[in-house]
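Numbering (this note's numbering), first residue to last: 401 to 963. Beta carbons: idealized from backbone N, C-alpha and C, even for Gly. These figures come from a predicted structure and were not determined experimentally.
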Amino acid sequence: MLQHHHRRQLCPGRRVGARHVPSSPYTSRVLSVSLPTLVILVGTYVSHGAVVVGCGTITCSGTDVTNGNGTVLKVGVEIGGREIAMFADMPFHLAAVVGETRGNVSELKAYEDLVRTYTKKVQCDGFNVIAHQAKLLRCPKIRDVFVGDAAVLEDSVVSNSTILSSPAEVSSILGFSQVHSSILQWNAHVHSGSSVERSFLCDCSRVERHGVVMDSLLGPNTAIAEGECTSTFLGPFVGFHHQAMIVAAFWPRGRGNVGYGANVGSNHTLKAPDQELWPGEGVFFGLSVSIKYPSNFTNAAYSVIATGVSTLPQKLDMPFALINTPGHNIPDLSPAINEIYPGWVLSHSIFTVLRNQDKFDKRNKSKRTNVDSPIFRSDIIMMMQVACQRLVDAEKKPVNLRHGKQIIYTDKQVPGLGKNYMTETSRVVAIEAYSFYTRVFALEGYWHQLQTGAISIETPLNHLAIVDGLDESAAATWAHQRAILVEHGVVQGGDLLRELVAAYKSIAKNAQDGKSRDDKRGQHIIPDYTLVHKKASEERIVIDAHRRAMDLERAVANYLPRL
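Here it is, written out as structure tokens:
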């Protein structure tokens, strides 16, 4: 026990004021540390430049302490089955693979052995570690911890946990928060009375404003505030800023949003809490939605579940879709069946997609995890192609449901619609939207290869070979783009570039028109709407879209005359 009533510097390696504390055989070693007021330190190594001020007890339970390493997270299935044993240096992508690859028993055992070995090697022989320049301020109880360089723990209770930190990537636990049996990676934060238990916070993630996180993993740049996250694997860039809950979800792709009052957690069958949800990348759960389990939205990337919608258990394979309450009274359908608009986000709200991409690009703080990938990439485009083909094929299938003159489709005619119905009008609009953006993706690839000099504009599409020198991922992407172009017939290279320019202009116009619809509605309702809102044409996202179109037009105009 160390008693220091005045701030002073202590010599490196010198034991100071060592006393026996009941039930603990340890004394403490202190190096150049400031310890004003009464502090009880047991089994604790305090490094050079660290500060411990006004704390209660800082103790270590024994030599088998693991500081949270080896703790098993029960993500997805709340009662177990998708467990991930965590360790401080665990890469996000490795955790995702372990969570979704459950069939390879030998690989899972190898992973468990790795974690076991790691955990044994990082044990600190019965000592807490308070590393260089770390600050522990007014914490009433600290037990079994590793506190990394420059980390800040203030007015909080922490036990059996590791806080990785550095002067450039400071991690913190502040504001009467509690962290137990958890790991915080670099630049991770728990603030404002939040509670984190048996959880893993990847670099640049945070929990704040009384957020509750249990048995969960938060990916880079993900934030939880006010709500509850239990037994859930959240990927990067998930926004969860209001009172809501998400339980038993496996969401490694992340990039979505959980709105106020969302009940994403109907995992109990009255027999056991053993059901789970697989959200897709970028899925938006609107205000007060209720999602019934099991559900699988992995192939419904960037879809929107509208405010107040209650969804039935289902597998949904329509990306960029809108699911809304039924807009028609169809006697032959259950009122629990919602209406779906496949591709609606593309056809009616491309502004949203452009804004999301801008947000992902500008708000990425992670220096350690690669989460930088475009929304329109091969795997997302493949989802669109599959959905588009199913919508095309539906025209040939017998349909018995109608509402007036409108043909009504369900998942009997269109696999992947889930427990929803679709009108003929929505089918036609979706085909057009999916086809357009699939084509844009391919044209962008063609333009990129021309710019790098990898191909010649004079070479017919059906004679283009795979470009040498590309890595495996880039080669696969170009092969995909080339196949899309060839499928639509042989067109002269110059015409393809002009088509791409026209497409960029159309995207910019659609983004502006979509935002203008919001403005028009707002002006009818709020008397001074125009005084407090920018015009659609003044929105940065719209301006950037028009600028990209102009830049492309200029670049293509400069390229073509050189031929």
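Spatial neighbours of residue i in its chain, beta-carbon cut-off 6 Å, leaving aside the 5 residues before and after
| i | result |
| --- | --- |
| A662 | A644, F685 and V689 |
| Q578 | V557 and S595 |
| G639 | N657 |
| P425 | Reliability fails at P425, whose pLDDT of 44 lies under 50, so the model's placement of it is uncertain and the value that follows must be treated cautiously. Cβ within range, chain order: n/a, list empty. |
| V472 | E483 and A485 |
| S599 | S582, V613 and S616 |
| F720 | Y702, G743, V745 and L746 |
Residue i versus residue j - alpha carbon distance
| i | j | result |
| --- | --- | --- |
| Q757 | K671 | 42 Å |
| A701 | H748 | 16 Å |
| L387 | G727 | Because the chain here runs from 401 to 963, residue 387 falls outside it and cannot be looked at. |
| A787 | V453 | 60 Å |
| Q490 | K797 | The displayed chain sequence assigns Met, not Gln, to residue 490. Between M490 and K797, the C-alpha separation is close to 49 Å. |
| A794 | K765 | 44 Å |
| V901 | A568 | 43 Å |
| N621 | K759 | 11 Å |
| S835 | S906 | 14 Å |
| G480 | T501 | 14 Å |
| R882 | D895 | 15 Å |
| T698 | L564 | 32 Å |
| W878 | R538 | 57 Å |
| N958 | Q892 | 17 Å |
| I440 | D555 | 16 Å |
| R414 | G654 | Because the pLDDT at R414 is just 30, under 50, the model does not fix this residue reliably, and the point stays unresolved. |
| R755 | S873 | 26 Å |
Buried or exposed (CB count within 10 angstroms, at least 16 for buried), residue i
| i | result |
| --- | --- |
| R954 | exposed |
| I691 | buried |
| N467 | buried |
| R940 | exposed |
| E938 | exposed |
| N729 | exposed |
| H589 | buried |
| H448 | exposed |
| Q851 | exposed |
| K474 | buried |
| L963 | Any reading at L963 needs caution, since the residue's pLDDT is 49, under 50, leaving its predicted position unreliable; the model's value is listed next. Classification of L963: exposed, given that the 10 Å Cβ count is below 16. |
| N528 | buried |
| N597 | In the sequence as displayed, the identity of residue 597 is Glu instead of Asn. Classification of E597: buried, given that the 10 Å Cβ count is 16 or more. |
| E681 | buried |
| H591 | buried |
| A625 | buried |
| P422 | Residue placement at P422 is poorly supported in this model, since its pLDDT is 41, which falls under 50; the coordinates are not used for a value here. |
| D951 | exposed |
Coil, strand or helix - residue i by DSSP
| i | result |
| --- | --- |
| F776 | coil |
| A955 | helix |
| F841 | helix |
| A485 | strand |
| G639 | strand |
| I907 | helix |
| N862 | helix |
| A876 | helix |
| H580 | strand |
| S695 | strand |
| C629 | strand |
| E608 | strand |
| F650 | strand |
| L885 | helix |
| G680 | coil |
| M782 | helix |
| R921 | helix |
| T444 | strand |
Residues near residue i in its chain [Cβ-Cβ closer than 7 Å; skip 5 each side]
| i | result |
| --- | --- |
| P961 | none |
| F492 | C602, G619, P620 and T769 |
| V477 | A648, D674 and E676 |
| D732 | L801 |
| Q849 | I855, V867 and W878 |
| Q533 | G449, A450, D549, A550 and P567 |
Beta-carbon contacts of residue i that lie in its chain and below 8 Å, excluding the five residues immediately before and after
| i | result |
| --- | --- |
| R898 | V956 |
| A903 | F836, R839, V840 and L843 |
| V799 | I807, I808, Y809 and Q813 |
Whether or not the segment 670-678 and the segment 641-655 are in contact is what I'm after, with contact meaning three or more pairs of Cβ atoms, one per stretch, closer than 8 Å; do they touch? yes
Counting pairs of Cβ atoms below 8 Å between the segment 449-464 and the segment 541-551, do you hit three or more? yes
Does the structure place the segment 852-867 close enough to the segment 819-827 that three or more beta carbon pairs sit under 8 Å? The answer is no - the segment 852-867 does not touch the segment 819-827, with fewer than three Cβ pairs under 8 Å.
Across the segment 912-919 and the segment 862-873, are there enough close Cβ pairs to call them in contact, namely three or more that are closer than 8 Å? The segment 912-919 makes no contact with the segment 862-873; the number of CB pairs closer than 8 Å stays below 3.
Any 3 or more C-beta pairs closer than 8 Å across the segment 903-911 and the segment 940-960: yes
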